[in-house]
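Residue numbers (the working numbering), protein chains in the order written: chain A, 1 to 577; chain B, 1001 to 1577.
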């Protein structure tokens, strides 16, 4: 027993040389590691009926990537492109092209682990500035070359995949500069290739770096924060983990510029106006199908980390928990910033990860009626002015207590969650090294449909034997929220994985939820889009597409369901036999 | 002197029989009167260098409306329409057609006072329900009959005017029912012909009228509240006076249904999602040019009038006042609900109307440095949870004091404003009865451009001799606000009035503001729209129009600048010689 307890699986911490399969599919920083802790490991081992010895031989995929797929561009096109961007800024090797076409979705990792390379672009280019970008769009339109955009590569919806090949524009190399900062308006204008940490660094250090009087934050912290770009946030309608206070990206954008086949488009830059439709909200979420985002003006907030107040609660039941959660969101005293409610199964996992499971405190909680597979953790924090955060915490606590919750804050649960908020995905590779697959799907609901969607989707996932299905709400509004499903299964084959994924998407749709709250649609969820938004909204999308991109060159091949192939319409994709 | 003081102008309080010109142009309820009080009257008399005797002979326009303009529909069309809607629900008399085509704008009143009747529809119909509405849209498309919609008739932008004639659908007769109420989601679904008071009555009395547990409010109180429709709010992107807390109508809509020439369109009904562009925000603000709104689902709030906290302050200077105002909006402790800052000239007028002008208190204020034509009133209130409103008021007061303000609340200024918030427009007729014209124009700004827009527009108005120009901010955001101009001039002719209006619109545009914050564009401001949003946004609007309404039958004739005539492009309209 003592021996068993001290066993540690062979989690890989060695080098991941560039040029290998592992380097391609690994989550972001090749030198950062986060391994499952003992509680999580034990859960996995027991769930999948494995033994410690099953964790001795990881499949690391450290082999050198050896595909050599000829580019679809001819040599005169490559020369002409080099003439536009400079020789250093054009790459046609298969590794670079795969990197620019595969995202961070499970399907991308699985394909690389199974040595499936498909739907990659023909070249990757990094324009130096807006003028070069305009030339590139013009050139691609003239030569009928499809065009995709790469920012941070963190899509989990096959957003950049190129079934029709073409040129991929990498915005992250040069186009990541601050264009303007306006302290009176509290806005910053940046090029879309800027990553989250750089943006926050500018804003947090605005006096030193931008000549400002105060310090600011953008308030947008998606899990991919460290390696996703501002442009990616905008074109996919992303959300940060603090969106309940700061808003989703569509709430944070004041204006944008796109380079489209019809020319440059600049949206009006007012917080609200009454001048026809909202042109900003037409362009946000267009996922590269209308044109290339070239500039974004974001609203910013005062940087006041000292005011942040954290809280966490444990409820006896899921129903009490989500009722309290909704009551907070409809309480009209402001909103928490992070506000994250775990369902019973996610709570049990969290209790293990946060080292509460099996402690004397756990025994006490159980004796008080907070029982495993019934109890639910709610954690969060409040941001803003000091009096405001104090009040939001006080009111939230009062509502939670009324619904039978006990305050968990002394355990530091929220702090533990915060410390791992950006690094948890690093565990994905660890698990998959031993054939355990962890993946996520998310959707948007109104409160009334929320219990049904949760139950129906869970039913589908749990119909598979030996499955972990953890669910949380993490982005909320007075009228509804997101629902985020994390499922862990023993990997068998891509086909089996897709069968499960497709059946979850079917269940999301059948139970009335929106197909995405913040991941976007990409090519993965595209076959389900029309089923949700209806033909009349799809027709609006098609009309806008026909207007901007009559030649269908902007991120074509099924994105947003605009030009689904027959195969895609049947919800089955090319790599399936 | 005593004699002079007791003089009261001959403000009309007699009957306004239906069928008269006055009944057509009078603000809403023919039995409600609000006259300028002594302070305002004295200001007007002195500004325009009039004497009391000039206020003895009002021009009342109580003559019977005697136009008889043949309908452009032929008898078989009229028969067919009667077949669809029932004989009782179709009117072709000129009075009804004028009422359905003229709004509540100054230009509408002036034309009726000058006996100019033009651009009226050919018939007015009141569909009984959604099915009849669908038939009407189909019929008009088949017969190429232009179609406009009448709700409350409160447009001030010539929204319903029909330069191309056609059929006007009056939604206010039958289509004003509650369709659904969802207490869990806090939403209400209504037909678009419902007026503000009825909506509030349902929500405030939700336990009695909707079988709910709690009481609710929509939080949307435009000045036209008592006689404007939910549908009008939505299609024009309107705002209520409490929008700084509750949001503009585009923030309050969860979903909509439109009957368009392409069929019925239902928008997704989630508080947020990531499924392409925001289809709700494409339809809101379409001003009847894409189709007819048939159903709206609105977010609602808890009705907690006891929690409302009122406040008012007096600043020494405009700059200190708007700096404090912005600081409140960027303070991150929530937002006031009503939040209304008057510039020096509006403040002086308010001091007279609120009976502070000339009192010992006024002398004291002056001696403390709060001087006429420099000082500025800020009034407002906070709505929401009790602890929240207490905190918002406390923080707002602290910021205002820091910027040199004195607290005015003991004078009950906010209460006085509230009591007259919906009735002030009734004074318009009183003034015009004696040839004094009062009108408004509004725009949207970011904070950085705000002082310039205010100064430039004022300069244009004040370049006219003997002019009152009052300005306030009343709808605010962290990044900017609206700017609302009220100007009072001695009326000379429609041409002179339009010259001034056009020069104000030119100044709004030249100084960088958006052409409307919440009145919409209609046909009045349409010639300026492309100049503000740019050709590329106009092209989006045109593409959407071509998609929904390829025959150009939905509110045609210049609305939103979609089909401006040559005359309109020159910014000059038909009734000008």
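Backbone N, C-alpha and C define an ideal beta-carbon position, used for all residues, glycine too.
(request) Report yes or no: is there a C-beta of chain A within less than 8 Å of the C-beta of residue 1096 of chain B? (result) no
(request) Since I believe residue 456 of chain A is in contact with residue 514 of chain A (beta carbons under 8 Å), could you give me their beta-carbon distance rounded to a whole number of angstroms? (result) With 8 Å as the limit, residue 514 of chain A and residue 456 of chain A do not qualify as a contact, their Cβ atoms being about 14 Å apart.
(message) Can you tell me where the beta strand (DSSP E) holding residue 472 of chain A begins and where it ends?
(response) 468-473
(request) Starting from the C-beta of residue 445 of chain A, find all residues in its chain whose C-beta is less than 7 Å away, skip the five residues before and the five after it, and write them out in chain order. (result) 453, 480, 481, 483, 513
(message) Which same chain residues end up closer than 8 Å to residue 1158 of chain B when comparing Cβ atoms and leaving out the 5 residues on each side of it in sequence?
(response) 1103, 1105, 1107, 1108, 1522, 1523, 1524
(request) Determine, using beta-carbon pairs with one atom in the stretch 1295-1305 of chain B and one in the stretch 1188-1203 of chain B, whether at least three such pairs fall under 8 Å. (result) yes
(request) Kindly indicate which three-state DSSP category residue 561 of chain A falls into: helix, strand or coil? (result) helix
(message) Could you compute how far the alpha carbon of residue 461 of chain A sits from the alpha carbon of residue 345 of chain A?
(response) 12 Å
(request) Assuming residue 1192 of chain B contacts residue 1253 of chain B (C-beta within less than 8 Å), just tell me the rounded distance between them. (result) Not really, about 11 Å apart at Cβ, beyond 8 Å.
(message) DSSP three-state label for residue 1341 of chain B, please.
(response) strand
(message) For residue 3 of chain A and residue 12 of chain A, what's the separation of their Cα atoms in angstroms?
(response) A caution first: residue 3 of chain A carries a pLDDT of 47, below 50, which makes its placement in the model unreliable, though a value can still be read off. If I take the Cα positions, the gap works out to 21 Å.
(request) Could you list the residues in the stretch 504-516 of chain A with a C-beta less than 7 Å from some C-beta on chain B, going in chain order? (result) 514, 515, 516
(request) Inspect the beta-carbon positions of residue 52 of chain A and residue 290 of chain A and report whether they are closer than 8 Å. (result) no
(message) Using the Cβ count rule (16 or more neighbours within 10 Å means buried), how would you classify residue 1353 of chain B?
(response) buried
(message) Check for me: the beta strand (DSSP E) holding residue 1322 of chain B runs from which residue to which?
(response) That residue, residue 1322 of chain B, is in no beta strand (DSSP E); its alpha helix (DSSP H) goes 1318-1329.
(message) Give me the residue from B:1266, B:1331, B:1026 with the minimum Cα distance to residue 535 of chain A.
(response) B:1266
(request) Quick one: grab the DSSP three-state call for residue 1263 of chain B. (result) strand
(request) Using the DSSP secondary-structure output, state which residues sit across from residue 185 of chain A in a beta bridge. (result) For residue 185 of chain A, which the question treats as bridged, DSSP gives no partner whatsoever.
(request) Could you tell me whether any Cβ in chain A is nearer than 8 Å to the Cβ of residue 1266 of chain B? (result) yes
(message) Could you check whether residue 1475 of chain B and residue 1312 of chain B sit closer than 8 Å to each other, using their CB atoms as the reference points?
(response) no
(request) Kindly say whether residue 1279 of chain B, judged by its beta-carbon, lies nearer than 8 Å to any beta-carbon of chain A. (result) yes
(request) Give a yes or no on whether the minimum CB-CB distance between residue 301 of chain A and chain B is below 8 Å. (result) yes
(message) Against residue 180 of chain A, what residues of chain B qualify as contacts under a CB-to-CB distance less than 9 Å, listed in chain order?
(response) Under the 9 Å cutoff, chain B gives no residues; its nearest Cβ is about 11 Å from residue 180 of chain A.
(message) With three or more C-beta pairs closer than 8 Å as the rule, is the stretch 45-60 of chain A touching the stretch 174-185 of chain A?
(response) no
(request) Keeping to the same chain, check which residues put their C-beta closer than 8 Å to that of residue 1197 of chain B; ignore five residues upstream and five downstream. (result) 1225, 1226
(request) Could you pull out every residue in the same chain whose Cβ sits closer than 7 Å to the Cβ of residue 84 of chain A, ignoring the five residues on either side in sequence? (result) 132, 135, 136, 139
(message) Beta-carbon within less than 7 Å of residue 283 of chain A's beta-carbon, same chain only, minus the 5 sequence neighbours each way: which residues are those?
(response) 256, 258, 267, 290
(request) Identify, in the order they occur along the chain, each residue of the same chain with its Cβ nearer than 7 Å to the Cβ of residue 530 of chain A, setting aside the five sequence neighbours on each side. (result) 538, 561
(message) Under 8 Å, Cβ to Cβ, is there at least one residue of chain B near residue 534 of chain A?
(response) yes
(request) Leaving out five residues on either side along the sequence, give the residues of the same chain with a beta carbon under 8 Å from the beta carbon of residue 1071 of chain B. (result) 1078, 1092, 1097, 1122, 1123
(message) For the pair the stretch 332-345 of chain A and the stretch 371-381 of chain A, tell me if three or more CB-CB distances fall below 8 Å.
(response) yes
(message) So within the stretch 112-195 of chain A, which uninterrupted beta strand (DSSP E) runs reach at least 3 residues, ignoring any that extend past its ends?
(response) 123-125, 147-150, 167-170, 178-182, 187-190
(message) Using 8 Å as the threshold, is the C-beta distance between residue 343 of chain A and residue 1184 of chain B below it?
(response) no
(message) At a CB distance below 7 Å, what residues from the stretch 1067-1096 of chain B approach chain A? Give them in sequence order.
(response) none
(message) Between B:1519, B:1467, B:1477, B:1517, which has its C-alpha nearest residue 1497 of chain B's C-alpha?
(response) B:1467
(request) Note down, in chain order, every chain A residue with its Cβ under 8 Å from the Cβ of residue 1341 of chain B. (result) By Cβ distance, chain A contributes nothing, its closest Cβ being about 16 Å from residue 1341 of chain B, past 8 Å.
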